[in-house]
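For the record, the sequence lines run as chains A and B.
Using this note's numbering, the first residue of the first sequence is number 2, and each one after it goes up by one.
Using this note's numbering, the first residue of the second sequence is number 5, and each one after it goes up by one.
Beta carbons are placed, not taken as given, at the ideal position from N, Cα and C, and that holds for glycine.
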Amino acid sequence: MMTRTWCVIGLMAFVSAMPASVRAEEIDISIGYLRLETPSRPVLSGLDPIPPARGIEGAELALKDNQTTGGFLGHHYTMDVVSVPPEGDVTAAAQAMLAGHDLVLLDMDDEALLQVADLPVAQAALVFNVSEKTPALRSADCRANLFHTVPELGMEADALMQVLMGKRWTKLALIEGPSAEDAALAQSYRDAAWKFGLKIVSEASWTFDTDLRRAAAREVPLFTQDFKAHDVVLVADAHDDFARYIEHNTWEPRPVAGAVGLVAEAWAPVVEQWGAAQLQSRFEDLTQRDMTAEDYAAWAAVRVIGEAVTRTGSAEPDVLRDYILSDGFELAAFQGRPLSFRTWNGQMRQPIPVVNAHAQVASAPPDGFEHARNPLDTLGLDQMESDCHAFEN
Amino acid sequence: MLLKTKISASLLALAFALPATASEIWVSNEKDDTLSVIDIDTLEVVRTIEVGERPRGITFNSDHTRLYICASDSDAVQVMDPETGEILHDLPSGEDPEQFVLHPDDRHLWIANEDDAVTTVVDVETRKVVAQINVGIEPEGMAVSPDGKTVITTSETTNMAHWIDTGTHKIYANTLVDARPRHAEFVKEGTELWVSSEIGGTITVFDTADQSETGKIHFEIQGVHPDLIQPVGFELTPDHKTAFVALGPANHVAVVNTETLEVEAYILVGRRVWHMAFSPDHSQLFTTNGVSGDVTVIDVASRKPVKTIKVGRFPWGAAVRP
Chain A
2 MMTRTWCVIG LMAFVSAMPA SVRAEEIDIS IGYLRLETPS RPVLSGLDPI PPARGIEGAE
62 LALKDNQTTG GFLGHHYTMD VVSVPPEGDV TAAAQAMLAG HDLVLLDMDD EALLQVADLP
122 VAQAALVFNV SEKTPALRSA DCRANLFHTV PELGMEADAL MQVLMGKRWT KLALIEGPSA
182 EDAALAQSYR DAAWKFGLKI VSEASWTFDT DLRRAAAREV PLFTQDFKAH DVVLVADAHD
242 DFARYIEHNT WEPRPVAGAV GLVAEAWAPV VEQWGAAQLQ SRFEDLTQRD MTAEDYAAWA
302 AVRVIGEAVT RTGSAEPDVL RDYILSDGFE LAAFQGRPLS FRTWNGQMRQ PIPVVNAHAQ
362 VASAPPDGFE HARNPLDTLG LDQMESDCHA FEN
Chain B
5 MLLKTKISAS LLALAFALPA TASEIWVSNE KDDTLSVIDI DTLEVVRTIE VGERPRGITF
65 NSDHTRLYIC ASDSDAVQVM DPETGEILHD LPSGEDPEQF VLHPDDRHLW IANEDDAVTT
125 VVDVETRKVV AQINVGIEPE GMAVSPDGKT VITTSETTNM AHWIDTGTHK IYANTLVDAR
185 PRHAEFVKEG TELWVSSEIG GTITVFDTAD QSETGKIHFE IQGVHPDLIQ PVGFELTPDH
245 KTAFVALGPA NHVAVVNTET LEVEAYILVG RRVWHMAFSP DHSQLFTTNG VSGDVTVIDV
305 ASRKPVKTIK VGRFPWGAAV RP
């Protein structure tokens, strides 16, 4: 009897001591990264080739971050990457991936994303969109199991307009490229300009098929000569095709923004504040190249998983989902503010760096753009603007 | 005649005595590769000294005859004679030393190597690395217990305080804190450990006996969004009844009652306030304001800012030389 009592007391002491240090329950977390490759497009310049492992290497860096933290907690992180060729069967690949992983990053277009997110096997999983900016995925086409660490087009366009507005550069001339993606980008600029009270005074469609590397100095001044009085030339060029030849070739001496010049994007090599230089240098050590916005989105997704697993001590998708959507979730992500998720559509809230080639010009939202909930919600689809209902219960 | 000689002799004595007795605040300027030395009597910068690249953490040895400087981008800890401003030698520090703490034995520097996820222990006499301990990603905050038995490293991306046994150089506990821990201090004779979390916006209080969390300090400033209230460095009055906490881009220093863990006052300082140091008599507090490139002098009794002193670009660390 005596021995038994002692035993109980001993156990109690042990139990109450538990929260003292971090619990050491062993957990295996296997993350999937599924990519549907995009066919390469002809562009005018080969100066900035797309890194073959763009996105994937961002996830790899975050995996290492998670593994280090997990090492102190008994949490073992692994990641499997599958890259499907453009003409390949992404659904079959997703079936196979989801059979063994219930936390999966998706690097693919919106059509493929929805096919994967709607698979029966995906319903108990948590999938992260790390590449597709289409606003519809955060609105009518949203899915309860689908989170977005990549910002939607409107978040970047809003960021750019906020910064232009702060400078009182409010009259814009817009050049729109020929592709459907260029049209979507141009529309996001129009919407954002309207939202913040800037004016697009002239628009022009880019139709040239000349070799601009040689003809830009002759063609672009004429092309921009008829613009009404404007402060900034805005270029909607989603594929990095012609925009680089606009800057410093315009008829009027005006700054260029959008696809080139002053650019709003989730991450850029020039971001260095808030400890960002450390993330940049760790990425460079790992990959021998600069970290892109695509790498950042994938890095953030894997870090979101890591942070949620660390704090909940679980790798169950529904537990992680609840935590990620809760007030308690915040990710330190080298942007000077904690990142979190919008509970109405699963989009990650994030500041948007507004940069040029050599420096960060601003971090949007700049001072003065306020919001009842969070200043970051001045960027992109706010609750009232989103037609997403999948997150309502 | 005799009288006159006496007077000039005492004047001379006074003149010689002044530079030696005037206390100073030393500030590291991260983006100028210099130190600014502030005279506490005149509240002016009296010396600017060139050092290695990207100086951040600075600390004096116990008798203030040596200054240790984390020259992060030189991958070295520099040892300076503060009298002459001369760099005597470098210590091997591991890569990218950011912050460190000098053990009470006055001999071992414990250094956080931010880029390398290790804590390095250096013997300042033999100038050799004694140990390297694997810690979380981006180690930064360093603290040593008054009895010298425990050193804490906090890691910014792993979000932990690592408790290291100084005898064995082994981690004996890891405790989670809120996002992006920056600074740690032992409080109340080592019975408590405080860790500030920049992105979490809190200070977590631990009982050092069993590493259990016993409290959390929250901050709230009217008109400042909570996301911008980012505690970094903090210092305690000698009786450990009051803590002063730098709140980064909130541009305020909070005054915290260490018994109730309630904030009693917020003091407006320069932009992105980072670290701080007291004057030797603890009547004044000097804060480094990274973005505005200056130092705010706070009158401790009235809890009011009394002066702003321009220093170099991105002032980071601060240390007092009595």
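Minimum Cβ-Cβ distance from residue i to chain A less than 8 Å
{"i": "B/ASN178", "result": "yes"}
{"i": "B/ASP127", "result": "no"}
{"i": "B/ASP85", "result": "no"}
{"i": "B/THR170", "result": "no"}
{"i": "B/ALA188", "result": "no"}
{"i": "B/ASP109", "result": "no"}
{"i": "B/ASP120", "result": "no"}
{"i": "B/ILE221", "result": "no"}
{"i": "B/THR157", "result": "no"}
{"i": "B/THR52", "result": "no"}
{"i": "B/ILE137", "result": "no"}
{"i": "B/GLY140", "result": "yes"}
{"i": "B/ILE203", "result": "yes"}
{"i": "B/ASP3", "result": "Lying before the first or after the last residue shown, residue 3 of chain B is absent from chain B, which here runs from 5 to 326."}
{"i": "B/MET280", "result": "no"}
Any chain B beta carbon closer than 8 Å to residue i
{"i": "A/GLY337", "result": "yes"}
{"i": "A/ASP241", "result": "no"}
{"i": "A/VAL16", "result": "Residue confidence for A/VAL16 is low, a pLDDT of 36 falling below 50, so the modelled location carries little weight and cannot support an answer."}
{"i": "A/SER282", "result": "yes"}
{"i": "A/THR70", "result": "yes"}
{"i": "A/PHE370", "result": "no"}
{"i": "A/ALA333", "result": "yes"}
{"i": "A/THR311", "result": "yes"}
CB of residue i within 8 Å of CB of residue j, strictly
{"i": "A/THR70", "j": "A/THR251", "result": "no"}
{"i": "B/MET146", "j": "B/TRP114", "result": "yes"}
{"i": "B/SER201", "j": "B/ASP182", "result": "yes"}
{"i": "A/GLY33", "j": "A/LEU106", "result": "yes"}
{"i": "B/ILE225", "j": "B/TYR270", "result": "yes"}
{"i": "B/LEU39", "j": "B/VAL50", "result": "no"}
{"i": "B/GLY140", "j": "B/GLN103", "result": "no"}
{"i": "B/ALA75", "j": "B/GLU87", "result": "no"}
{"i": "A/GLY56", "j": "A/GLU295", "result": "yes"}
{"i": "A/THR150", "j": "A/MET349", "result": "yes"}
{"i": "B/HIS107", "j": "B/VAL148", "result": "yes"}
{"i": "B/VAL315", "j": "B/VAL299", "result": "yes"}
{"i": "B/ALA254", "j": "B/ILE29", "result": "no"}
{"i": "A/LEU62", "j": "A/LEU287", "result": "yes"}
Sequence-distant residues of its chain with Cβ nearer than 7 Å to residue i (five each side left out)
{"i": "B/ILE137", "result": "VAL122, THR123, ILE168, HIS173 and ILE175"}
{"i": "A/ALA160", "result": "ALA265, ILE353, VAL355, ALA365 and LEU380"}
{"i": "A/ALA187", "result": "LEU175, GLU177 and ALA237"}
{"i": "A/ALA360", "result": "VAL271"}
{"i": "B/GLN82", "result": "VAL55, GLY56, ILE73, ALA75, ILE91 and ASP94"}
{"i": "B/HIS286", "result": "THR241, PRO242 and VAL304"}
{"i": "B/SER283", "result": "SER27, ILE44 and VAL324"}
Residues near residue i in its chain [Cβ-Cβ closer than 6 Å; skip 5 each side]
{"i": "A/LYS229", "result": "VAL202 and SER203"}
{"i": "A/ALA244", "result": "VAL236, ASP238, ALA260 and VAL261"}
{"i": "B/GLY274", "result": "ASN293, SER296, ASP298 and THR300"}
CA nearest to the CA of residue i, picked from the options
{"i": "A/ASP81", "options": "A/ALA309, A/GLY276, A/ALA260 and A/VAL303", "result": "A/VAL303"}
{"i": "A/SER180", "options": "A/ASP238, A/PRO50 and A/ASP66", "result": "A/ASP238"}
{"i": "B/THR262", "options": "B/MET280, B/ILE91, B/THR241 and B/SER216", "result": "B/THR241"}
{"i": "B/ASP151", "options": "B/VAL134, B/ALA213 and B/VAL299", "result": "B/ALA213"}
{"i": "A/ALA419", "options": "B/THR161, B/GLY237 and B/GLY171", "result": "Residue coverage of chain A in this structure runs from 2 to 394, which leaves residue 419 of chain A outside it and unanswerable."}
{"i": "A/LEU127", "options": "A/LEU382, A/PRO339, A/HIS390 and A/ILE325", "result": "A/ILE325"}
{"i": "B/PHE238", "options": "B/GLU142, B/ASP79, B/LEU289 and B/THR179", "result": "B/LEU289"}
{"i": "A/GLU331", "options": "B/GLY204, B/LYS192 and B/THR312", "result": "B/GLY204"}
{"i": "B/ARG70", "options": "B/GLY89, B/THR52 and B/HIS229", "result": "B/GLY89"}
{"i": "A/LEU377", "options": "A/ALA309, A/ASN346, A/ASP388 and A/LEU340", "result": "A/LEU340"}
{"i": "A/GLU58", "options": "A/ALA309, A/ARG374 and A/GLN281", "result": "A/GLN281"}
{"i": "A/ILE247", "options": "A/TRP268, A/GLU38, A/ALA267 and A/THR225", "result": "A/THR225"}
Cβ-Cβ separation, residue j to residue i (assumed contact under 8 Å), whole Å
{"i": "B/PHE318", "j": "B/ASN65", "result": "The pair is not a contact, with the Cβ atoms about 25 Å apart (cut-off 8 Å)."}
{"i": "B/LEU265", "j": "B/GLY219", "result": "5 Å"}
{"i": "A/ASN146", "j": "A/ALA123", "result": "6 Å"}
{"i": "A/VAL305", "j": "A/VAL164", "result": "Going by Cβ atoms, the distance from A/VAL305 to A/VAL164 rounds to 27 Å, so no, they are not a contact pair."}
{"i": "A/GLY337", "j": "A/GLN279", "result": "About 14 Å separates the two Cβ atoms, so there is no contact after all."}
{"i": "B/GLU217", "j": "B/PHE223", "result": "Wrong, their Cβ atoms sit about 18 Å apart, outside the cutoff."}
{"i": "B/ALA135", "j": "B/VAL125", "result": "4 Å"}
Interface flag, residue i vs chain E, CB-CB below 8 Å
{"i": "B/ARG184", "result": "No chain E appears in this structure, whose protein chains are A and B."}
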